[in-house]
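Engineer: Before we start, here is the structure in question, set down as structure tokens.
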Amino acid sequence: MRYLIRFITRNAAGDAEHNDKIISAPAITIGRATDQMLHLRDRRARLQHACIEPQNGDIHITTSAMAGVTVNGRSQRNARLAPGDVIEVGANILRVIEAPDGVDFALSFELSDQDAAEHLEQSWTTPTSGVAGWSKRRISWSLAILVLIFAFALPALSLLHPGIASLMRGSGALPDDSWWLAGPVHSAHSSTAATCEGCHSKAFQRVPDDACMACHTVDKHVASAATAVLGEARCASCHLEHNEPPELVKQHQGLCADCHRDLPADVSLRPAADFLDEHPDFRVSLLRPNASSTGEIEWNVEHLALAEAATADRSNLKFDHKVHLDEDGIITPDGKRVIECAECHVPEPGGARMQAISMDEHCSGCHALSFDPDDPTRVVPHGDPEGVLQALIEYYSARLLGADPDAVEQRVRRPGAALTRADRDKAATEARAKALEVAADLFERRACANCHEVSKRDDDSELPWSVLVVRLTDRFFPHASFTHAAHDTEVTDCSSCHAAAESESAHDLLMPDIDTCRDCHGSAFARRNDASQTPSTCIMCHSFHFEAKGNYQ
Amino acid sequence: MHESILAFQKRRYLWVSLIAAGLAILAYWFDDPQEPANGGTALGYTLGTIGALIIVWLTWFGIRKRRYASNVGTVQGWLSAHVYLGIALIVIVLLHTGFQFGWNVHTLAFALMTLVILSGLYGVYVYMQYPERISQNRGGAPRSEFIDQLEDIDFRSARVAEGLGADFLEFVTSGIQRTQLGATLWERLNGHDGSQILVRQGGQTQIVANVGQETALDWLAEQQSVSGDAETAAGIGELSALLRNKRRLLRRLSEDLKLQATLEIWLYAHVPLTAALLVALLVHILTVFMYW
Chain P
144 MRYLIRFITR
154 NAAGDAEHND
164 KIISAPAITI
174 GRATDQMLHL
184 RDRRARLQHA
194 CIEPQNGDIH
204 ITTSAMAGVT
214 VNGRSQRNAR
224 LAPGDVIEVG
234 ANILRVIEAP
244 DGVDFALSFE
254 LSDQDAAEHL
264 EQSWTTPTSG
274 VAGWSKRRIS
284 WSLAILVLIF
294 AFALPALSLL
304 HPGIASLMRG
314 SGALPDDSWW
324 LAGPVHSAHS
334 STAATCEGCH
344 SKAFQRVPDD
354 ACMACHTVDK
364 HVASAATAVL
374 GEARCASCHL
384 EHNEPPELVK
394 QHQGLCADCH
404 RDLPADVSLR
414 PAADFLDEHP
424 DFRVSLLRPN
434 ASSTGEIEWN
444 VEHLALAEAA
454 TADRSNLKFD
464 HKVHLDEDGI
474 ITPDGKRVIE
484 CAECHVPEPG
494 GARMQAISMD
504 EHCSGCHALS
514 FDPDDPTRVV
524 PHGDPEGVLQ
534 ALIEYYSARL
544 LGADPDAVEQ
554 RVRRPGAALT
564 RADRDKAATE
574 ARAKALEVAA
584 DLFERRACAN
594 CHEVSKRDDD
604 SELPWSVLVV
614 RLTDRFFPHA
624 SFTHAAHDTE
634 VTDCSSCHAA
644 AESESAHDLL
654 MPDIDTCRDC
664 HGSAFARRND
674 ASQTPSTCIM
684 CHSFHFEAKG
694 NYQ
Chain C
926 MHESILAFQK
936 RRYLWVSLIA
946 AGLAILAYWF
956 DDPQEPANGG
966 TALGYTLGTI
976 GALIIVWLTW
986 FGIRKRRYAS
996 NVGTVQGWLS
1006 AHVYLGIALI
1016 VIVLLHTGFQ
1026 FGWNVHTLAF
1036 ALMTLVILSG
1046 LYGVYVYMQY
1056 PERISQNRGG
1066 APRSEFIDQL
1076 EDIDFRSARV
1086 AEGLGADFLE
1096 FVTSGIQRTQ
1106 LGATLWERLN
1116 GHDGSQILVR
1126 QGGQTQIVAN
1136 VGQETALDWL
1146 AEQQSVSGDA
1156 ETAAGIGELS
1166 ALLRNKRRLL
1176 RRLSEDLKLQ
1186 ATLEIWLYAH
1196 VPLTAALLVA
1206 LLVHILTVFM
1216 YW
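Going line by line, the protein sequences match chains P and C. The opening position of the first sequence corresponds to residue 144 in my numbering, with each subsequent residue numbered one higher. The opening position of the second sequence corresponds to residue 926 in my numbering, with each subsequent residue numbered one higher.
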């Protein structure tokens, strides 16, 4: 296609002069960009504004601009052009004129010299006319509104109706009110507090205790929470959510020490504050046997200072830790070997306490209750003195009278002869005498007396011995929550705290004193003063709601 | 003598900010909330309040700098304080967060604040560097002189081209018309020369790039080699000299546009991000206390 563009300029007198340009191209592109055939210097024109090209034998002007292009006063996206039509792009006016010979299509276009200079000037004076024509103000408003919508308005929709809330939360993509979370919900609460309003029942009000009490019950200290002692304290004063690392119990020492540092005179508790130098020495709760007025043994818990309790453990057992823990090993059925503490002292699941020690599981491997060197596998029952005597009598009777010919001792009968009644009586008497002899040995010197306190009545009964009841103290420090699991480290072994290797008596109380704890546990402010010490607040060992520890219903 | 905003009044606001940030760090170090540090401890609330007030005050600079009648300090002093306190703000607010971050509106506010401050730091850098580079590039001449020179060259080359015939005139005129620098923001920031020129090849009219007037100069050299008479050759030589001048001028111009655009573009991040930050800050405070 051959196009003619007639550029019209005005001379100084205002007379029109024209300058024809013939363009051979498939189409004439019109726009503000310099790669356009007809280059317009008008900011209202788009870079590629319109295109004049043949369509179905006619010449059309087309545009992709939303506003279209104005042809004869009408804005159109696609218009057929004929001579006489007037095209307006911004302030520029293009007129379709009769095409002279040899040209397919002609346009006239009046150039304004002013434009060129203005264009340059504009380039100068508006070096950053915004990003894609956006002013700072417009971008600012847009960003601000965007934040308002996504950070506030859309999440706030969840508050209007539970249906909307579940829709927003379930969508996975829409911004729901979880965007407002200040931190993760503790895993202990993840099931109950799936919704914010589960705990935050009223906007702009702190979480009320009712919200906690809906699931939890507590007794101790809470009754006094309403009193002047704890003032306006709420559950959430100490129990904090949405923190990282998640820590539901506030560790602040002042929460305890503010009251416990100076206790009223009528309180039996000893004052306590910082663990390093304001904590009283440990007192131990020992289970001790006492003879009651009726002469029976009663077991009572006695609270003793650790120093006075040093050899006061009374379990009615005899046990020598030193022998058992001999570094050279001791003789066992498997030969001579060193015994580890953990072979007998096994933590309960969770590591808080130790499992009970039992004869069957922990002692009998070495301390078999055998009595006859000729028959070392034969044992008497444990924990049943009468059964012991019975077992001995039966054993020796069988040996003297039993049907097994080889087992019967020769001196009781002649070979081949049947036993006479007198023989039987004699044998029974002998067996009983032998059993009593062995029983005395067992109760007073060997098996039983090895481990147990055995008392002997001064009377004529066949069984004058009684093994004293064994009771082990379950928790020596019941008001401290200690877990072995947390102390199972490379720097601590059993002997760090328990001086078992030196103990020769079961009366020794092998509990550590406060100084032992202070080897590692320091003040609540330890890190700051001494990096080698673990900062230890009251809550580390003591519970606040100690009698009913926030029972979960 | 010119005093940099950074050195304003013997760096008075640097010391103010250092002390503010130092006090915040000391308080954070010695504070023992005995719970994970967070915005809800006593120190957390304190730092948060201070941070929010500083943000509002820093934003107020946008208003203060337009109040020419105001005599509450000088704008220079305000800007100096704006810069230094803005940097201290990062420290104060970081400690307010207790280093707890997440995908939530609270961290959004912090992220927006950080972006505002980073864009501001870039702004300080260009304000320190670019005015000097701009005036060096312009060689001390005002901008209008460049326009005048350019117009003069265009006028003279059109006149020379007219004398060489219609082909030359059309060619040179199209080159003048399509000389373009910095049509878009991107081109300005890159110093891109978007000039083009209309050439005829085999009866087809084509628009080709004319970066640094190279196409025009090449075409003139070609015409020079085929021109018969001395007068034409002299005219072409004169035209070439003019276009080489124009090329030098355009290089400086595009560098000027680039420097000028860089000097101003950061504000297109700094200001809108500040607006977004203010909204995010409000949402942060509102939601925190809504779910107290």
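Think of the CB as a built atom: it goes at the ideal place given N, C-alpha and C, for glycine as much as any other residue.
What's the gap between the Cα of Thr152 (chain P) and the Cα of Ala287 (chain P)?
Structural biologist: The alpha-carbon atoms of Thr152 (chain P) and Ala287 (chain P) are separated by roughly 49 angstroms.
Engineer: Since Glu1076 (chain C) is in the alpha helix (DSSP H), which residue starts that stretch and which ends it?
Structural biologist: That run of the alpha helix (DSSP H) goes 1068-1089.
Engineer: Going along chain P in order, which residues have a C-beta closer than 7 angstroms to the C-beta of Pro961 (chain C)?
Structural biologist: Going along chain P in sequence order, the residues near Pro961 (chain C) (Cβ under 7 angstroms) are Asn386, Glu387, Pro388, Glu390.
Engineer: For Phe295 (chain P), which of helix, strand or coil comes out of DSSP?
Structural biologist: Here Phe295 (chain P) sits in helix by DSSP.
Engineer: Quick one: which residues of the region 1019-1051 of chain C get their C-beta closer than 8 angstroms to a C-beta of chain P? List them in chain order.
Structural biologist: The residues in question are Gln1025, Gly1027, Trp1028, Asn1029, Val1030, His1031, Leu1033, Leu1037.
Engineer: Do you know offhand how far Val1016 (chain C)'s Cα is from Thr999 (chain C)'s?
Structural biologist: Using only the alpha carbons, I get a separation of about 26 angstroms.
Engineer: Quick check: is the beta carbon of Thr974 (chain C) nearer than 8 angstroms to any beta carbon in chain P?
Structural biologist: No, Thr974 (chain C) does not count as interfacial toward chain P.
Engineer: Run through DSSP, which three-state label would Leu250 (chain P) get?
Structural biologist: It is a strand residue.
Engineer: Pick out whichever of P:Arg575, P:Ala176, P:Ile202, P:Ala170 has its Cα sitting closest to the Cα of Leu190 (chain P).
Structural biologist: Among P:Arg575, P:Ala176, P:Ile202, P:Ala170, the Cα nearest to that of Leu190 (chain P) belongs to P:Ala176.
Engineer: Between which two residues does the alpha helix (DSSP H) carrying His1031 (chain C) extend?
Structural biologist: Element bounds for His1031 (chain C): 1030-1063.
Engineer: On a CA-only basis, which of C:Ile975, C:Ile930, C:Arg1177 is nearest Gln1001 (chain C)? Give me that one, please.
Structural biologist: Residue C:Ile930 is the option with its Cα nearest to Gln1001 (chain C).
Engineer: At what residue ranges does the region 475-532 of chain P contain a whole run of the alpha helix (DSSP H), taking only runs of 4 or more?
Structural biologist: You should have found no qualifying run.
Engineer: So what does Ser598 (chain P) bridge to, in DSSP terms?
Structural biologist: Paired residue(s): P:Ser609.
Engineer: In whole angstroms, give me the CA-to-CA distance for Ala1201 (chain C) and Ile975 (chain C).
Structural biologist: Those two C-alpha atoms are separated by around 19 angstroms.
Engineer: Helix or strand or just coil, what does DSSP make of Ile1253 (chain C)?
Structural biologist: Because chain C in this structure spans residues 926 to 1217, residue 1253 (chain C) falls outside the shown range and cannot be described.
Engineer: Step through the CB atoms of chain D and report whether any lies within less than 8 angstroms of the CB of Cys640 (chain P).
Structural biologist: The chain inventory of the structure shown lacks chain D, comprising the protein chains P and C.
Engineer: For a contact defined as C-beta to C-beta under 7 angstroms, what are the partners of Arg1177 (chain C) on chain P?
Structural biologist: Result: empty, since nearest Cβ-Cβ is about 13 angstroms, beyond 7 angstroms.
Engineer: Establish whether the CB of Arg349 (chain P) and some CB of chain C are separated by less than 8 angstroms.
Structural biologist: Yes, Arg349 (chain P) lies at the interface with chain C (some Cβ there is under 8 angstroms from its Cβ).
Engineer: So what does DSSP say about Glu1180 (chain C), is it helix, strand or coil?
Structural biologist: Helix, per DSSP.
Engineer: Less than 8 angstroms between the beta carbons of Trp1191 (chain C) and Tyr1047 (chain C), yes or no?
Structural biologist: In this structure, Tyr1047 (chain C) lies closer than 8 angstroms to Trp1191 (chain C) by Cβ.
Engineer: Using a Cβ-Cβ cut-off of less than 8 angstroms, give me the residues of the region 320-331 of chain P that come near chain C, in sequence order.
Structural biologist: Listed in sequence order: Ser321, Trp322, Trp323, Leu324, Ala325, Gly326, Pro327.
Engineer: Which stretch, first to last residue, makes up the beta strand (DSSP E) that contains Ile173 (chain P)?
Structural biologist: Run containing Ile173 (chain P): 171-174, per the beta strand (DSSP E) assignment.
Engineer: Are His329 (chain P) and Pro407 (chain P) close, meaning C-beta to C-beta below 8 angstroms?
Structural biologist: Their beta carbons are not under 8 angstroms apart, which means His329 (chain P) does not touch Pro407 (chain P) by this criterion.
Engineer: Give the straight-line distance between the Cα atoms of Thr269 (chain P) and Ile944 (chain C), rounded to the nearest whole angstrom.
Structural biologist: Because Thr269 (chain P) carries a pLDDT of 45, less than 50, the predicted location of this residue cannot be relied on, and the following value inherits that uncertainty. Rounded to whole angstroms, Thr269 (chain P) to Ile944 (chain C) spans 41 angstroms at the Cα level.
Engineer: DSSP state of Glu160 (chain P), grouped into three classes?
Structural biologist: Glu160 (chain P) falls in the strand class under three-state DSSP.
Engineer: Grab the span of the beta strand (DSSP E) containing Ala222 (chain P) for me, first residue to last.
Structural biologist: Note, Ala222 (chain P): beta strand (DSSP E), 221-223.
Engineer: When you compare only the Cα positions, how much space is there between Arg1173 (chain C) and Val214 (chain P)?
Structural biologist: Distance between the alpha carbons of Arg1173 (chain C) and Val214 (chain P) is about 42 angstroms.
Engineer: Considering only residues of the same chain and omitting the five flanking positions on each side of Ala208 (chain P), which have a CB-CB separation below 7 angstroms?
Structural biologist: Arg189, His192.
Engineer: Considering only their Cβ atoms, is the gap separating Val232 (chain P) from Asp185 (chain P) smaller than 8 angstroms?
Structural biologist: Contact flag set, yes.
Engineer: How about Asp247 (chain P) and Met180 (chain P): are their beta carbons less than 8 angstroms apart?
Structural biologist: Contact: no.
Engineer: Distance, Cα to Cα, Asn1170 (chain C) vs Ala1186 (chain C)?
Structural biologist: Approximately 24 angstroms, taken between the alpha carbons.
Engineer: Would you please verify whether the beta carbon of Met683 (chain P) is less than 8 angstroms from any beta carbon of chain C?
Structural biologist: So, not an interface residue.
Engineer: Among residues of its own chain, excluding the 5 on either side of Ala578 (chain P), which ones have a beta-carbon nearer than 7 angstroms to its beta-carbon?
Structural biologist: Contacts found: Leu532, Leu535, Ile536, Tyr539.
Engineer: Would you mind sorting Thr1212 (chain C) into buried or exposed? The rule is 16 or more other CB atoms within 10 Å of its CB.
Structural biologist: Per the 10 Å Cβ criterion, buried.
Engineer: With 16 as the cutoff for other CB atoms within 10 Å, does Thr966 (chain C) come out buried or exposed?
Structural biologist: The residue is buried, with at least 16 neighbouring Cβ atoms inside 10 Å.
Engineer: In whole angstroms, what is the alpha-carbon distance linking Glu470 (chain P) and Glu645 (chain P)?
Structural biologist: C-alpha separation (whole angstroms): 11 angstroms.
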